Structures are given as structure tokens and as C-alpha cells.
Amino acid sequence: MRKIRTGILGATGMVGQRFITLLANHPWFEVVVVAASPTSSGKSYQEAVKGRWYMNSPIPEKIKKLKVRAVENDFTQVVKEVDMVFSALDLDKEKIKQIEIAYAREGVAVVSNNSAHRWTEDVPMIMPEINPHHIKLVDLQRKNRGWDKGLIAVKPNCSIQSYVTILTALKKYKPHKVSVTSLQSISGAGKTFQTWPEMVDNVIPFIGGEEEKSEKEPLKIWGEIFGNKIKLSAKPKISARCIRVPTTNGHMAVVSVKFSKIPSKEQIIHSVSNFNPLKNLNLPSSPVKLIKYFEEDNRPQTGLDRYLGKGMSISMGRLSEDLFFDWKFIALSHNTIRGAAGGAILLAELLCKKEYII
Ligand code: NAP
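Here it is, written out as C-alpha cells:
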């Protein structure tokens with residue numbers, strides 16, 4: 232079977248590089264186009280990322296020599312060469328919206344990491360384990376826009392991945408009030424310690440726009456399709472603080488929750504440990520164990536546990552009673568894998584499985 236011809240928009244950045252490594256031997260998708268800004272275009276991929284290749288594994292041989300294309304200037308040619316693109320662009324949101332629409336209009340399936348279309352009414356924002364049914368919004372999107380093969384689907388912010396997955400596993404206990412403080416790595420800003428030396432030995436108590444995303448995006452994820460849009464979920468209400476900390480990869484979350492039906496510790500651990508709604512779909516990027524609960528007092532640790540399930544699993548630990556809420560715990564997810572490229576690839580696999588990308 233022919234693999235799906237795949238392009239990466241923003242292929243030279245932090246998330247773009249993660250796409251390159253995760254797709255190196257993908258059974259369904261083959262990277263045939265790498266595209267970025269006019270500064271990188273015209274160079275070989277290897278040349279374009281010289282001195283800024285941030286991944287631990289080397290650039291795949293096949294990709295090294297691909298000529299980087301310009302996302303906008305080479306548009307006419309690129310849309311003929313791909314069936315699908317992953318968008319990992321970082322530029323003005325309105326511009327990204329226009330670019331993603333332009334690709335989809337030409338029949339390309341666009342699966343995006345960017346926040347530009349997260350609140351566009353007919354665009355589904357999907358965490359494949361949580362709200363796969365929102366994929367139906369694509370039918371409406373295609374009808375609204377007169378698109379045949381093209382589509383736009385997005386994944387939510389990297390900061391929400393761990394606690395939204397855990398709270399969904401505990402849905403039957405009706406969590407209604409959540410306080411979360413996220414401790415977010417510097418790769419979340421597309422940076423390393425070399426490019427952001429101010430982060431060495433430092434903590435910054437502000438990440439622009441992140442607290443709003445952490446509080447609001449889960450409500451669309453947990454919402455239901457009502458008429459021709461998503462009706463936001465009213466609960467749980469989330470109050471978030473997002474802090475930048477000096478780690479390279481991995482976002483930790485410190486979470487306290489109030490439930491309408493208070494579960495026991497055993498019930499919580501049992502529910503999260505057995506939660507993996509996608510397991511029968513056999514999607515290549517779906518981890519065997521979605522949430523791993525650690526009994527040890529000093530886990531999960533960013534350094535030890537972020538690559539669990541090849542970076543697609545969620546870790547949880549330190550579950551204990553909370554003085555003001557019912558329960559508190561610590562959670563961890565990999566921001567550029569589960570929270571970005573890996574999550575988008577899983578979404579694209581779901582779109583293929585459901586025959587939205589053929
Ligand atoms: P990044 O490292 O700054 O990379 C940005 C990419 O966009 C580069 O490939 C860059 O190309 C390209 N670009 C910039 N201006 C362009 C233009 N005018 N035309 C075409 N391409 C252009 O950013 P990142 O951290 O990978 O993030 C990418 C997106 O993913 C952002 O929207 C971010 O919010 C989102 N995201 C990131 C994370 C994370 O953990 N990092 C998690 C979830 C979502 P050049 O190299 O040629 O400049």
C-alpha cells in the first residue's frame with residue numbers, strides 16, 4: 232500500500248524536528264516535503280538546521296538532502312506533492328489561519344499544532360483518547376467550506392495533556408473543581424539553554440496566554456457537538472498557573488481536584504491504570520499503557536519518566552488527600568511528543584482509521 236505523502240510546515244523548528252524523528256519509520260506516513268520560512272528555503276534540510284538540530288537521534292538520512300521549501304512561496308508546487316501536512320509553524324496567528332485554510336482548500340489534510348484554529352467553530356480540537364467523536368465536525372467543515380478531501384483538525388495545548396487525560400479517566404466521579412500549576416520545560420517555547428541562557432538556574436512565573444489555554448481548552452475537549460458547533464462543557468472549572476522551569480523537555484502538573492462523588496485512593500489508581508480507550512484501534516503511535524501510576528514518593532520525575540511509552544504515556548504519582556480539595560497528585564507528559572508532534576501524529580492516525588484521510 233502506498234504511504235500517505237506527508238509534508239511538515241515549520242519542519243526546521245523544535246516541533247518540526249520532533250515530527251521528522253517520529254515519522255522516520257512510520258508505517259503509514261512518508262515525509263516527502265519539508266517547508267519553513269524564506270530564510271531556510273532553498274537549502275538542504277541538513278544545511279537549514281545546521282547548529283540547531285535539537286533532537287538526540289541524528290537527522291534521518293532520507294531527510295538530510297530534502298530541499299526545504301517555502302511554506303508560502305512554494306505553495307502551488309507543495310500542494311501537488313502531498314496528501315497531508317502537519318503544521319508546526321510559529322508566526323502570526325492570522326497568517327497561520329490563512330495558510331492552513333489555503334492548504335486545506337487545495338485538498339490537503341492539515342493537522343495542526345498551532346493555536347490559530349483551536350477556536351474556529353467547525354474545526355475539531357482533538358485528544359484522540361478523550362474526544363475522538365469530535366472528528367465528525369470535519370463532515371460539517373467540508374460541507375460549510377465546499378471541501379472534498381481537505382480538512383483542518385487541531386490538537387490542544389501541550390500544558391493540558393497530563394491532567395485532562397487523568398481527569399477524563401476519573402469522569403465517573405464527577406470532578407468539578409480543579410486547581411493546576413504547570414511546570415513547563417523550555418522546549419515548549421521552542422528554546423534550548425543555548426538559545427535561552429536566562430533560563431539557566433531560573434524560574435519565570437509567566438508564560439504568555441498559557442493559563443487561559445490551560446483553563447479553557449479542556450472545556451472544548453470535554454464539550455459535545457450541539458447543532459453545528461461544540462457546546463463547551465460547564466465542568467470541571469479549572470484554575471491554572473503556568474510556570475517556566477529550567478528543564479529541557481517535559482511538562483509537570485501539580486493538581487488538586489474536588490469531586491461530586493469522592494473516590495477512594497484505590498478507585499483512582501484503578502481507574503487511571505485501566506484507562507486506554509484507543510487500545511483496540513491499533514494506532515501505531517498509541518502507547519500500550521496510557522497512564523502509569525507510580526507508588527514511589529519521588530516519581531514521576533521529569534528526567535526519568537518523560538519518555539515513558541516513547542513519550543506518549545502520561546505519568547502520575549504522589550496521590551494524597553488535599554486539605555481544601557479532595558485529592559491532589561502530580562502528573563507529567565512530554566511536551567514535544569505527547570503535547571505536540573506525537574499527539575498530532577496520533578490524531579492523523581485516527582483520521583486515517585476513520586477514513587477522513589485516505
Ligand atoms: P520554533 O522552534 O520557533 O519553529 C517555528 C517554525 O516556523 C520554524 O520551522 C520556522 O522556520 C517556521 N517559520 C517561522 N516563520 C515563518 C514564515 N514566515 N513562513 C514559514 N515558516 C515560518 O517553534 P516550535 O516550538 O517548534 O513551535 C511550533 C508551533 O507548535 C507553535 O505554534 C507552538 O505554539 C506549537 N507548539 C509547540 C509546543 C512545544 O512544546 N514546543 C507544544 C505544542 C504546540 P525557520 O526555521 O525557517 O525560521
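One gets this note's numbering by counting positions in the sequence shown from 1 and adding 231 to each. Glycine residues also receive a C-beta, built at the ideal position from the N, C-alpha and C atoms. Please read these numbers as outputs of a predicted model, since none were measured by experiment.
Report back the beta-carbon spacing between residue i and residue j to the nearest angstrom; my notes put them in contact at under 8 Å.
i, j, result
"I366", "L582", "7 Å"
Kindly indicate which three-state DSSP category residue i falls into: helix, strand or coil?
i, result
"F506", "coil"
"Y587", "coil"
"T412", "strand"
"V385", "strand"
"R373", "helix"
"G338", "coil"
"A575", "helix"
"F424", "coil"
"P406", "strand"
"G548", "strand"
"A255", "coil"
"V309", "helix"
"H348", "coil"
"Y524", "strand"
"L563", "strand"
"I638", "Outside the shown range of the chain (232 to 589) lies residue 638, about which nothing can therefore be said."
"S470", "strand"
"F437", "coil"
"R283", "coil"
"S393", "helix"
"M483", "strand"
"S275", "strand"
"S343", "strand"
"R249", "helix"
In its own chain, which residues sit with a C-beta less than 7 Å from the C-beta of residue i, not counting the 5 before and 5 after it?
i, result
"V395", "M358, I361, P449, I452"
"L578", "V342, I357, P359, A384, K386"
"R336", "W378, G381"
I'd like to confirm the pairing. Which residues does DSSP put opposite residue i in its beta bridges?
i, result
"T237", "V262, M315"
"E455", "K462"
"A400", "None, per the DSSP bridge assignment."
"A267", "A301"
"F490", "P406"
"M356", "V385"
"W558", "V488, E552"
Return the chain-ordered list of same chain residues with a C-beta closer than 6 Å to the C-beta of residue i, the five sequence neighbours on each side being excluded.
i, result
"P436", "I474"
"N507", "L521"
"S464", "L450, W453, G454"
"K468", "K408"
"F556", "S487, V488, K489"
"A279", "T243, S271, V299"
"L240", "A266, V302, V316, S318, L320"
"D314", "I235, R236"
"P494", "Y404"
Sorted by chain position, which residues of the same chain lie with C-beta nearer than 8 Å to residue i's C-beta, five sequence neighbours on each side aside?
i, result
"P291", "I251, T252, A255"
"W284", "Q248, I290"
"F457", "none"
"V434", "I474, R475, V476, P477"
"I397", "V486, V503, I522, I545, M547, F560, A562"
"E312", "R236, G238, V263, V264"
(Q) So, does the segment 345 to 352 touch the segment 317 to 329, judging by three or more C-beta pairs under 8 Å? (A) With the cut-off at 8 Å, the segment 345 to 352 and the segment 317 to 329 touch.
Q | Given 8 Å, three or more beta-carbon pairs between the segment 476 to 485 and the segment 532 to 552 | A | For the pair of segments examined, the segment 476 to 485 was found to touch the segment 532 to 552: the number of CB pairs separated by less than 8 Å reaches three.
Q) Can you find at least 3 beta carbon pairs, one from the segment 494 to 513 and one from the segment 561 to 575, that sit closer than 8 Å? A) As far as the Cβ criterion goes, the segment 494 to 513 does not touch the segment 561 to 575, which means the pair count is below three.
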